[in-house]
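Protein chains in written order, with our numbering: chain A, 129 to 446; chain B, 5 to 347; chain C, 7 to 510; chain D, 29 to 364.
Note sheet for the following structure.
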Ligand SMILES: Nc1ncnc2c1ncn2[C@@H]1O[C@H](COP(=O)(O)OP(=O)(O)OP(=O)(O)O)[C@@H](O)[C@H]1O
Ligand SMILES: Nc1ncnc2c1ncn2[C@@H]1O[C@H](COP(=O)(O)OP(=O)(O)OP(=O)(O)O)[C@@H](O)[C@H]1O
Ligand SMILES: [Mg+2]
Ligand SMILES: [Mg+2]
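Spelled out as structure tokens, the structure:
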């Protein structure tokens, strides 16, 4: 156990600083990677980092952990929000208790946090995925989206943007259904089956979530649709390697979630030691990633999404 | 004329040697240990969060206690919480003033109770099977009605009221509601003819019916109460977490039942007390809070609750078995008292 | 040929066996010696401990003390399976059939015939079942579920089940209670056959004609203890009855004459499929009407329907001229009706509630103040009635389960008398009650009637009905087959009306 | 003749008929639901897992008990399967399957021992172990998960391979069903399970080995949940600590829909399995016929309630028929 209470008071200090990492849920490889990135940063910064989280990715199950952080008076909370508003009050209370709040991966309304570490702009993510699927299905045909839970903030934002861009830029591609696999392997897998069944002319599935895209790829790779229905989206190389190698998946996108966690931890540390306050224009160093500038609304941008395909997937291990 | 004393044993024995007293004692021990050894547990926020956390569980546990005392069970409560949460959100979204939305949700909850009650009491179907069915049905309606959306734009003053503390104390304002609800149920169950009938039904439904107890109506009332209170818990849940969602409070029923059984209510019906259940709910709340502060994740908390639950029902059996064993088994060849008169 | 010495080893020998259930001593000193090749009657009043003795032998209960030998070997069964394996077959007083299983599986459960692949051979099982039923001369479809069998058929299946075990000792606890004359004769033929094969048979019955017609030895029990054992030939019915009761029978029924008043209960054309048909009768104020019949004739069913705990298909019930809502016991209570049901433990009392709570169960609302009910008020009301009926219990907050049967019955009576009823239905009011209490209960009923209460009394004890009732209604298979005035009600007439073809 | 008539009137047949109607109706709207290679395969494959669980559950429910811990047992055994493969990739598949099934049996044994010997209601015990077993998986797995790459191809192949057009996992489910049905119908012990559920007190009076039988039922249920865990790993290729969460209610629902009385004594494993297939298939059919998948649970709920109400109505009808039959059997020369 880390030493004594009052961590909030000596917020500027070195070794006593505790940071709590609260992903959407535990047991999710994406967040596992982001947490290990944060741990790397914590090691460099001398922070004590503790990961807690619920089993299921719902806002109500995140609240008790935010409360606990407030009780403990941790220096900073790094959270991926399951709902943009629902956890707001709890975050407010934590901030009232002196805790700095960094959101990463999935944001809350800006008023509830100090900094949002954004993996990529939503526009960038949406257009990258559409680019990939359009290429893979030859520019026309039916596609479906397999999302996480129906309430996932970032997924919904991306889907909205994708729908808009489809209407304006891809007139020959028709989005026939949006299904929700709840970031659960079994549900996503079964939903993929249902999608393919319900839409015999389906040509592609876009799944903007790592659990979903892996499940969809696994289903397709073992079915008669392999090679006929394209699967792409946001995935981690380790989960997707097999399907890229067997030809089910040509290419998919993602940022490096490890880097995301790493940057979030640096941002938290910068907030705690007062280097930044979350005001636009402030800058801070983030170790091996270099210098970052706080943008509008306290957003810090990691970079552009990265496309993985057979040529480069061998270079990554996360 | 024989005069029969009212009580067979002194008051202290009757008060201290109960199942409820054991739960309360255990709660005191757990609380003390947590205060002494868990970092941050003695802080001012602990009480606040503890009460906020247990509110929905305790609210739902009260009517559940009465239902379990009759020997039945209501597994659909968490789905009613979810459904009423969704309806509350939808009504708010449709521009209905919030007090009216609360009323709407409450009525819907009561209707859910009517469905359960009619099926169980008037059609005589097993409550376990019925409420597994309505668990799925009500949850399905909740998830179906709100679809992909979540209603989160509740006025800040309402969401904050659900969390605000009573001026200067660590007690959140909802404490008042809780105390009132506990008092109402304690009196209803332990201090009215209705409550006595509820206990009689749990001990012997047939004898209760033969005594002119309206067993069906009583059961219906209890299920409606359960639905109504669950709906209130749903409204509270929505405001506390600031979001109306179809999946709100999923799995709450198991926590509630665990708490009720921990509190000494017999799953066979016929015995239990409100104060025991309050202690049972607090026990789970304190354990979760302390373990979370220790950085123990949900996992271990689940194990602890599960094991505690099994122990709480097994231990009385073991004690009884040991007690029954104490007067040594009779020798198999003792002498007869009277000599037979075979002629 | 077996040798003389093994022949004389008793099949069963119990001496001074004791069994208590908490405070209730059901069996004080049970003694019985059953010789091979004999049919041994075990008689005694209700609650004398006969069934308890049987259950000790059967391995249901473990005795607290005393000697228990089977075939000369000390025995101590912990389960009924052990007893069965040792050659004890029992027909229990209460049928123990598995309603969901077909009749034939009930017959052979655990010893079903198997085919070469060790699968249950249903064909062989069906054939065995037919054969067994043939021996008993009954016609029950072996494939039908046991649920829904009439009481008589259930009893016949129990008998077939016991016979199929091929046991050295067969115990029958009131097997004939629900059977018709023909069926009884068949059963007796089977029992005699078993005796002639050298097996021991124990026969429990309240019908002396059967006991004296079938058995060769008779053991009398009273209050859980052995009273006497004699060859049947060396004793008489009167002698046995005197020993059973322990005193002269006549003072048991202190009937106070009274003049009947207005009609309180009026039942017309009550009908329920499979249970009772066209039941019509009146009960007047100040009158005790006896409802006689065999066990299973449907008397309790009629009472339950009248009171509203059961529904009925057709007919009307009026109390004091006003029609009573069917299926609503609360309405019956409000109309001034009270029912002391036949099964104290299951229906009359809530054994896990306290004495005081039980005594005030029906008047709870009445004794509440502002909707609140305190233990003190309950105790006050209960104390009043424990005093009046001389209920003996250690304290008012003792559980009713801890009381003796007689005192439990008084609690049930008190709970109903506390409502100030106009009509009291008592179903087997003295079942399992000792003689002294029994007389008390009779005095009480008689006194209440004299004060103008209308009483409908169901009893399977003929002397009780004849001794107490102003008028006797006889029920056979759900129909009222006779209505007899006190003067006309002889045992013969009642029995003839109660049985078909039994009395010629 | 009698057998045919009974079979046609049976609950199993009714459920099967509804199932056929659902499949037929959906296929009319969307031919691919049945008439494509994938549709055919998924029709058989998807329900296999729940069907195996339902068979186990039915064995327990028949004895008037219930096992709510099956979802957690499944999770634990699925994770065990993956972990064994990850630790020793060369382990023969059979051995791993046996280990997972054995683990499930042990967890079932724990349930059974507490229920049978401490005489604690199964509902409470298995509610407790539902928490406890899930806690074990969570603690053990932490935030790790087993991915397809951790398991050998030969094993994952079982999840998709077909023999003569029938998926291997469906064959496993059918075998399990056949063995269980045979045991319950033709063995002495199997009939005693029904007797115990029909009337536990009479079973004791009768001298049946009640405890041993209840123990057997729980062990069987646990073992089948373990097997379902293996099937889960093979089919989904990914196992996280949450595998099988919430499945218990679906399974109990399937058993009830399949005509197994929740208070024991009657029903068949065939019915339970058919009920499982029906529930899962309806779940799959709804989105195909255009009902948003959010409404699936509501439909399942309605189905469960319909099933128990129907059971009650039929039982009442039967009881009334029997009562009338008694009147006919004892024709009475009406009272004079
Ligand atoms: N399980 C039990 N618990 C408590 N008391 C019991 C129990 N079984 C029997 N008794 C009591 O023991 C006494 C003897 O009962 P038993 O059934 O042996 O009488 P019986 O002679 O068979 O009467 P009957 O002729 O009515 O069948 C009764 O007072 C009864 O209430
Ligand atoms: N086929 C049957 N299936 C189930 N229960 C039956 C059946 N036939 C009769 N019974 C039950 O058997 C009992 C016998 O009926 P009832 O008790 O009314 O007879 P009774 O004349 O009062 O006999 P007793 O002296 O035993 O009270 C009733 O409880 C009735 O419900
Ligand atoms: Mg008896
Ligand atoms: Mg009767």
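Ideal Cβ positions, reconstructed from N, Cα and C, are used throughout, including at glycine.
Beta-bridge pairing by DSSP links residue 446/A to no other residue. Using a CB distance below 7 angstroms, the part of the segment 123-142 of chain C facing chain D consists of 125 and 126, ordered along the chain. In the three-state reduction of the DSSP assignment, residue 69/C falls in the coil class.
Proximity of residue 349/D to chain B, defined by a Cβ-Cβ separation below 8 angstroms, is not satisfied.
Note on residue 409/A: under 16 other CB atoms within 10 angstroms of its CB, so exposed under the neighbour-count rule. Think of a sphere of 9 angstroms around the beta carbon of residue 270/A: no beta carbon from chain D falls inside it, the nearest being about 13 angstroms out. If one requires a minimum length of 3 residues, the beta strand (DSSP E) runs lying completely within the segment 271-344 of chain A are 301-308 and 330-335, in chain order. Between the C-alpha atoms of residue 68/D and residue 53/D there is a straight-line separation of about 15 angstroms. Within chain D, the C-beta atoms nearer than 7 angstroms to that of residue 66/C come from 233, in chain order. Beta-bridge pairing by DSSP links residue 228/A to 204/A. Of 347/D, 292/D and 269/D, the smallest CA-CA separation from residue 133/B is found for 292/D.
For a Cβ distance threshold of 7 angstroms, nothing in chain C lies close to residue 189/B: the least Cβ distance comes to about 14 angstroms. DSSP places residue 365/C in the helix class (H, G or I) of the three-state scheme. Residue 146/C carries a coil assignment under DSSP once its states are collapsed to helix, strand and coil.
Counting only runs of 4+ residues, the alpha helix (DSSP H) found wholly inside the segment 236-284 of chain B occupies 256-266, in chain order. Close partners of residue 313/A in chain D (Cβ separation under 7 angstroms): 264, 266 and 268. In the three-state reduction of the DSSP assignment, residue 83/C falls in the coil class. Look at residue 404/C here: in three-state DSSP terms it is coil, with no helix or strand label. Looking at the DSSP output, residue 367/A bridges to nothing. Taking C-alpha positions only, residue 197/C is separated from residue 46/C by approximately 11 angstroms. Put simply, the backbone Cα of residue 355/D is about 45 angstroms away from that of residue 276/B.
For the 8 angstroms CB-CB criterion, residue 189/C and residue 144/C form a contact. Only 366, 367, 369 and 370 from the segment 364-389 of chain A bring a Cβ to less than 8 angstroms from some Cβ of chain D. With its beta carbon less than 8 angstroms from one in chain C, residue 9/B belongs to the interface. For residue 207/B, the neighbours in chain C by C-beta distance under 9 angstroms run, in chain order, 356, 357, 358 and 359. Only those residues of the segment 344-360 of chain A whose C-beta falls short of 7 angstroms from the nearest C-beta of chain D are listed: 346, 350, 351, 352 and 353. Per DSSP, residue 278/C is one residue of the beta strand (DSSP E) stretching across 269-278. The residues 314, in chain order, have a CB closer than 8 angstroms to that of residue 323/D in the same chain once the five nearest residues on each side in sequence are set aside. Taking a contact as a CB-CB distance under 8 angstroms, the pair residue 211/A and residue 187/A counts as one, their CB atoms being some 4 angstroms apart.
Under the 10 Å beta carbon count, residue 344/D is surrounded by fewer than 16 other beta carbons and is classified as exposed.
At the C-beta level, residue 287/B and residue 122/B stay beyond 8 angstroms of one another. Residue-level contact by beta carbon holds for residue 140/B and chain D, with a gap shorter than 8 angstroms. Contact between the segment 133-148 of chain D and the segment 272-286 of chain D is not established, with fewer than three Cβ pairs separated by less than 8 angstroms. Listed along the chain, the chain A residues whose CB falls inside 7 angstroms of the CB of residue 163/B are 217.
If you check each beta-carbon in the segment 119-132 of chain B against every beta-carbon of chain D, the ones closer than 9 angstroms belong to 119, 123, 127, 128, 129, 130 and 132.
Along the segment 408-426 of chain C, none of the residues has a CB nearer than 7 angstroms to a CB of chain B.
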